[in-house]
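Visitor: One structure, as structure tokens, below. Some questions next.
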Ligand SMILES: [Zn+2]
């Protein structure tokens with residue numbers, strides 16, 4: 114599960130700029146913080162909606178629809194909570210100066226890849242291998 118966003122303007126590094134210097138870390142921290150905030154607000158909103166909608170419908174069909182709506186809603190919330198956790202872990206890595214390097218082989222993940230997937234922990238090569246391995250296990 115990786116985070117994808119489109120609403121931020123990408124960081125444009127100066128020529129010869131050091132990878133993951135404080136300015137770059139700040140850029141990704143800002144992205145992660147604001148996505149996290151968005152997700153948290155979304156979760157709050159759902160909780161309120163569900164409380165508002167806790168009506169008991171007389172018609173069993175209505176009731177069934179309401180229940181499956183809620184189940185779907187809860188699954189989405191669960192996904193969002195996991196995403197928030199991942200974002201928090203990523204911010205912690207920024208704080209520890211660990212951000213932007215592949216967890217597996219240690220190479221730079223690269224600004225471009227992080228820009229598209231700020232929570233990425235693997236370089237594209239390791240990620241590809243990882244996915245291949247997952248597919249083999251699934252068979
Ligand atoms: Zn790697």
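In the working numbering, the protein residues as written are 114 to 252. Heads up, the beta-carbon is just placed ideally off N, CA and C, and yes, glycines get one too. Since the model is a prediction, treat every value here as computed from it, not as a measurement.
Near residue 139, which residues of its chain fall below 8 Å by C-beta distance, leaving aside the five closest residues on each side in sequence?
Guide: none
Visitor: Please state whether DSSP places residue 201 in a helix, a strand or coil.
Guide: helix
Visitor: Indicate, with yes or no, if ligand 1 has a heavy atom lying under 6 Å from the CB of residue 208.
Guide: no
Visitor: Please name the residue or residues paired with residue 221 in a DSSP beta bridge.
Guide: 214
Visitor: What number of angstroms, rounded off, separates the C-alpha of residue 190 from the C-alpha of residue 196?
Guide: 10 Å
Visitor: So, helix, strand or coil for residue 183, using DSSP?
Guide: Shown here, residue 183 sits in a helix according to DSSP, grouped into three states.
Visitor: Is DSSP giving residue 195 helix, strand or coil here?
Guide: helix
Visitor: Do you know how far the Cα of residue 156 is from the Cα of residue 232?
Guide: 20 Å
Visitor: Name all residues in chain order for which at least one heavy atom of ligand 1 lies closer than 5 Å to the residue's CB.
Guide: With 5 Å as the limit between CB and the heavy atoms of ligand 1, the residues that fall short of it are 215, 217, 218, 236 and 239.
Visitor: May I have the straight-line CA-CA distance separating residue 121 from residue 172, to the nearest angstrom?
Guide: 46 Å
Visitor: Which class does residue 173 belong to by DSSP, given the choice of helix, strand or coil?
Guide: Assignment of residue 173 by DSSP, reduced to helix, strand and coil, places it in the helix class.
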